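Take the position in the first sequence, starting the count at 1, then add 680; the result is the number in my numbering.
First the structure, in the form of structure tokens, and then the observations on it.
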Amino acid sequence: MKHVRKHIQELLLAAVDRCVADGLLAESLDQVPIEPVKRAEHGDFATTVALMLAKKAKMPPRKLAEAIRDRIQDDEGWIDHLEVAGPGFVNIRLARDVWYRGLGRIREAGRDWGLGEPKASPKFLIEFVSANPTGPLHVGHGRGAAVGDALGRILRRAGWQASSEYYLNDAGRQVRQLGQSVWVRALEILRDERPEQDPKGQKFSWLDVPAMPEDGYQADYVRDLARALLNEQGIAVLDMAPGEDLGPVAEMASHKMAEAIRGTLERFGVTFDFWVSERSLRRSGAIDRALDKLQADGLIYEKEGARWFRSSRFGDEKDRVVVRKDGEVTYFAADIAYHMDKYDRGFDQLIDVWGADHHGYVPRVKAVVEALGHSPDSFEPLLVQFVALKRGGEKVAMGKRSGNFVTVDDLMDEVGMAAMRYFFLERRHDSHIDFDLEVALSQDPTVNPAVYVQYGHARACGILRKAREELGLEVPSFDLDLVRHLDLPQEIEAIKQMLELPTLVEESAIARQPHRIVSYLSELSRLFQSYYTQTKSDPVLPPPSQREAGLESWDWDRTNARLTAVAALRDVFAICLDLLGLPAPERMASIETVDLDPSSAEQEE
RNA sequence: GCGCCUGUGGCUCAACGGAUAGAGCAGCGGCCUUCUAAGCCGCGGGUUGCAGGUUCGAUUCCUGCCAGGCGCGCCA
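This is the structure in structure tokens:
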């Protein structure tokens, strides 16, 4: 059986062609637009094709709609009813069997439902997080991680090849700054812990311990890194001096931070296909080669002792320095080499997930892409807006300066990865979000939608488990006659929605919008939960009271039909949860009943 | 000053250029002899920031204002 949508589109296209043959239209279309209809009385699908073509045809839209309607040939009996409505819509109501057959396709596909046709190109490389290894990930990075990871999952399900990558900025000024900070802290620890002895005597005095630089890293993890340094080097740190000597310290510290970041991301359910190190990029000579190439094309010049890239030639507002006066290459120069390398490795569609504060950086990278001879459209920066934390209604103060910025690990400790990912993905990436800790912390599905959607999956599993364990019923293999017993409106609606999954996945992938999956999942969960509660007097499985009274009169066909539908729902829930990187629990852990009344807490004291 | 993003019920946000702009929270009122009430049903609530334009049709596209956020380094 063909895709429902595609089949309807083909019928409509044939009708449009007949209009052409009959001289009503000058030319046909590649594709006829159809969309699911919002209001039930309008049927299942509607096409606006008559509205679009009315002008060209020099006909009133409704007239043209009628002409198209009259030329639809539905030999296989898919369509139940056609009507022209409103300004010129052709509304289409499908025969019930279309949905029943559709359910068969879903069951047949199982966990593969929604997989798109494999697409050979373009090959995507999604770069995300890429936080400097100078400190732990904060909440903003968490959102980027959730978005980048989900986008990769969605693209892959839609049929594309998509790899994920973390670019490690483990070279440059900030990493040196980290090394410096760690070294200073290490000296302070030595001084504070054994002030009575000055181990190097005249060669070194505690008075020589330098002050922490103004823009140094002050937070607590620097102290941990300093301890690690002391464990490795002991008092040899006393012999080090700012400058080249601190290279190994910076390297050690950034390496340790990178490992910590990797650990955080793993906890968060995010693993990368590739980690690319800026340091190794520098050491490999890739930057020189990249600059040479641009130089050969006349796109690099010298001015005031520095070397500049002519990004203004490609729409940037000014040229940018790639080699500083002091001879060091800039971060931008490394990024040129890095993006060139991405193309060289065979990727032809680059998605970079950046914090919104990097938007000013976009034109110069676009310029690089163009200078390298690639389409500017092959580079897509995805700017992720900031996350504001709230507790109840109150904003939680964040800021690196105050030192109390919230890390991904902190937040995971408090609310768990599932809630974080859900709320990071719930909104479009370009909208600011308020993350309410109070909501995220709740285990109550009526309060916390992240729990609610997982509960939908758990509930479907619960029914199937109960059927198996208590009644010995397995999910029956698909049988068209059997599923015709599904006649409740919610049952038909659920099948319709499940049939939309492939379209949804593809649209979500093309639009780079994971939040559409969240909306869909949330809506389908609501439908299922509502169905579940509303059919309590007429449940899928015979209730205990019925079992005692005897099961001779029980409608087993109906039960089996519903088990088929529930199994399909379970799969669709699991697929969507997986696309978002959320766990799909088979049962919900029982909630701890916490007494939130403060007066009773006092009584316990 | 220039550039990017965002303005939609009390709050947080949806809506390939489509029909009467939808959800969730919060508020109010109901529903358990039951596969998890860890749930469901109903009600009220809107000049889609403002003004123009394009279109058969604009929350969506264009222009100008207003408001908020963020950028505008030989930092990364």
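Quick reminder that beta carbons are idealized off the backbone N, C-alpha and C, glycines included.
Remember, it's a predicted structure, so these values are computed and weren't measured experimentally.
Selected residue, minimal CA-CA separation from H1019, among P893, L870, S1122, L1052: To locate residue 1019, count along the first sequence from 1; it is residue 339. Among P893, L870, S1122, L1052, the Cα nearest to that of H1019 belongs to L1052.
Rounded Cβ spacing between L926 and R856 (contact assumed at less than 8 Å): Position 246 of the first sequence, counting from 1, holds the residue named residue 926. Position 176 of the first sequence, counting from 1, holds the residue named residue 856. The pair is a contact, with the Cβ atoms about 7 Å apart (cut-off 8 Å).
Candidates V889, E1106, W793: closest to A826 by CA position: Indexing the first sequence from 1 puts residue 826 at position 146. The residue with the shortest Cα to Cα distance from A826 is E1106.
Residue of E721, P713, K743 minimising C-alpha distance to C699: The count along the first sequence starts at 1 and reaches residue 699 at position 19. Comparing Cα positions, the closest option is K743.
Residue range of the alpha helix (DSSP H) that includes N1240: In the first sequence, residue 1240 corresponds to position 560, counting from 1. Per DSSP, N1240 belongs to the alpha helix (DSSP H) from 1236–1260.
C-alpha gap between F769 and S1233, whole angstroms: The sequence position of residue 769 within the first sequence is 89, counting from 1. The sequence position of residue 1233 within the first sequence is 553, counting from 1. About 47 Å.
Residues near A1138 by beta carbon distance below 7 Å, same chain, minus five either side: Locating residue 1138 in the first sequence gives position 458, counting from the first residue. Closer than 7 Å at the Cβ level, and outside the excluded window around A1138, lie P1265, E1266, R1267, M1268.
Per-residue DSSP class, three states only, for Y846: Within the first sequence, numbered from 1, the residue matching residue 846 stands at position 166. In the structure shown, Y846 sits in a strand (DSSP, three-state: E or B).
Unbroken stretches of the alpha helix (DSSP H), 4 residues or longer, contained in the region 823–908: 853–873
Simplified DSSP assignment, three categories, for G1035: Taking the first residue of the first sequence as position 1, residue 1035 is located at position 355. Three-state DSSP puts G1035 in a strand.
Assigned secondary structure, R969 (DSSP; H/G/I helix, E/B strand, else coil): As a first step, residue 969 is located in the first sequence; it is residue number 289 there, counting from the start. Reduced to three states, the DSSP call for R969 is helix.
Per DSSP, cross-strand counterpart(s) of Q1029: If you number the first sequence from 1, residue 1029 lands on position 349. F804.
Per-residue burial, L705 [other beta carbons within 10 Å of its own, 16 or more giving buried]: Taking the first residue of the first sequence as 1, we reach residue 705 at position 25. Its Cβ being crowded by 16 or more others within 10 Å, L705 is buried.
Validate contact between the region 1171–1180 and the region 1089–1105 using beta carbons, cut 8 Å, 3 pairs: no
6 Å Cβ shell around G824 - same chain, five flanking residues per side excluded: Translated into positions along the first sequence, residue 824 becomes position 144. Hits under 6 Å: F808, V809, V1033, V1064.
Opening and closing residue of the alpha helix (DSSP H) in which P1129 lies: Reading the first sequence from its first residue, position 449 is the one you call residue 1129. It spans 1129–1151 - the alpha helix (DSSP H) in which P1129 sits, taken as one unbroken run.
Per-residue DSSP class, three states only, for W642: Residue 642 lies beyond the stretch modelled for the chain, which goes from 681 to 1285, so this question has no answer here.
Straight-line Cα distance separating A1140 from L774: On the first sequence, residue 774 is found 94 positions in, with the first residue counted as 1. On the first sequence, residue 1140 is found 460 positions in, with the first residue counted as 1. Cα to Cα, L774 sits roughly 27 Å from A1140.
Beta-carbon proximity of Y780 to R1164, cut-off 9 Å: Within the first sequence, the letter at position 100 stands for residue 780. Within the first sequence, the letter at position 484 stands for residue 1164. In this structure, R1164 lies closer than 9 Å to Y780 by Cβ.
Ranges of the alpha helix (DSSP H) found wholly within the region 692–735, counting only runs of at least 4: none
In DSSP terms, what V1009 is bridged to: Indexing the first sequence from 1 puts residue 1009 at position 329. According to DSSP, which records beta bridges pairwise, V1009 is partnered with V1003.
Proximal residues to Y1135 (C-beta, below 7 Å), its chain only, five neighbours per side dropped: Residue 1135 sits at position 455 when you count from the first residue of the first sequence. Around Y1135: P1125, M1268.
Buried or exposed (CB count within 10 angstroms, at least 16 for buried), Y793: Here residue 793 is taken as the residue at index 113 of the first sequence, counted from 1. Before going further, note that residue 793 is Trp rather than Tyr in the sequence given. Flag for W793 reads buried.
Anticipated Cβ contact below 8 Å, E868 with V889, distance rounded: Translated into the one-based positions of the first sequence, residue 868 becomes position 188. Translated into the one-based positions of the first sequence, residue 889 becomes position 209. Sure, about 6 Å apart at Cβ, within 8 Å.
Identity of the residues DSSP links to W955 by a beta bridge: For this step, residue 955 is matched to residue 275 along the first sequence. DSSP output for W955 lists Y846 as bridge partner(s).
Option in K803, I759, A765, W840 with minimal Cα separation from L795: Here residue 795 refers to the residue found at position 115 when the first sequence is read from its first residue. Closest option to L795, Cα to Cα, is W840.
Through-space distance from F884 to I915, alpha-carbon basis: Position 235 of the first sequence holds residue 915. Position 204 of the first sequence holds residue 884. Approximately 11 Å between the Cα atoms of the pair.
Coil, strand or helix - E1266 by DSSP: As a first step, residue 1266 must be located in the first sequence, where it is residue number 586. Residue state, collapsed to three classes: coil.
Coarse secondary structure for E1074, derived from DSSP in three states: For this step, residue 1074 is matched to residue 394 along the first sequence. Strand, per DSSP.
7 Å Cβ shell around D999 - same chain, five flanking residues per side excluded: Indexing the first sequence from 1 puts residue 999 at position 319. Correct list, in chain order: W988, F989, R990, S991, S992.
Three-state secondary structure (DSSP) of D1015: Residue 1015 sits at position 335 when you count from the first residue of the first sequence. D1015 falls in the helix class under three-state DSSP.
Those residues which DSSP pairs with E982 across a bridge: For the purposes of this step, residue 982 is identified with residue 302 of the first sequence, where counting begins at 1. E982 pairs with R987.
Beta-carbon proximity check, L1030 vs E982, cutoff 9 Å: The residue given as residue 1030 occupies position 350 in the first sequence. The residue given as residue 982 occupies position 302 in the first sequence. No, Cβ-Cβ distance for L1030 and E982 is not below 9 Å.
Contact the region 1200–1208 vs the region 1249–1258: 3+ CB pairs below 8 Å: yes
Nearest candidate by alpha-carbon position, reference M1100, set L1260, I1197, F1158: Position 420 of the first sequence, counting from 1, holds the residue named residue 1100. Among L1260, I1197, F1158, the Cα nearest to that of M1100 is on L1260.
Inter-stretch contact at 8 Å, needing at least 3 Cβ pairs: the region 706–717 / the region 686–696: yes
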